[in-house]
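Numbering (this note's numbering), first residue to last: 84 to 183. Backbone N, C-alpha and C fix where the C-beta goes; we use that ideal spot for every residue, glycine too. Take a look at the structure set out below.
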Amino acid sequence: MSRPAIVSCAGIPDREEYRDGQDVLVWKQDTPAMNGIDLKTPLSFELDLSSRGTCHAVATLRGGRVVSVAFTGPSATIQGPDGACRPLLRGCLRRARMPQ
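Written out as structure tokens, the structure reads:
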């Protein structure tokens with residue numbers, strides 16, 4: 084994926100850095116992503132299966148093309164590992180699945 088393509092689907096990065104011939108773009112999801120189930124009954128019984136996570140998505144580009152994407156932060160949610168990261172790059176994943 085090219086730099087313009089990832090910026091158009093993920094948005095303008097929160098941070099950019101150029102080092103050792105490669106661009107590093109960072110998107111931050113610092114607002115905790117909350118999801119799960121919270122059940123309460125009339126007898127004061129509560130069951131909370133929710134989880135919270137944050138995420139930083141880090142894309143490395145060489146020659147204007149994405150060569151890797153990594154996720155950092157406590158991002159595990161009830162949706163699984165890196166669950167808090169899904170909103171950051173959801174549009175890019177949809178675009179990658181579309182026939183060219």
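Asked: Checking the sheet assignment: what are the DSSP bridge partners for Thr-143?; Found: Val-107, Ser-151
Asked: Using 10 angstroms around the beta-carbon of Asp-113, count the other beta-carbons present and answer buried if the total reaches 16, otherwise exposed.; Found: exposed
Asked: In the DSSP assignment, find the alpha helix (DSSP H) that holds Pro-87 and state where it starts and stops.; Found: 86-93
Asked: Would DSSP call Arg-169 helix, strand or coil?; Found: helix
Asked: Ile-89 and Val-150 look like a contact to me (Cβ under 8 Å); what is the Cβ gap, rounded to whole Å?; Found: Actually they do not touch by this definition, with Cβ atoms about 11 Å apart.
Asked: Note down, in chain order, each residue of its chain lying with its Cβ closer than 8 Å to the Cβ of Ala-179, except the 5 sequence neighbours on either side.; Found: Met-84
Asked: Measuring alpha carbon to alpha carbon, tell me which residue in Ala-153, Arg-145, Pro-170, Gly-174 is nearest Tyr-101.; Found: Arg-145
Asked: To which residues does DSSP link Cys-138 through a beta bridge?; Found: Gln-112
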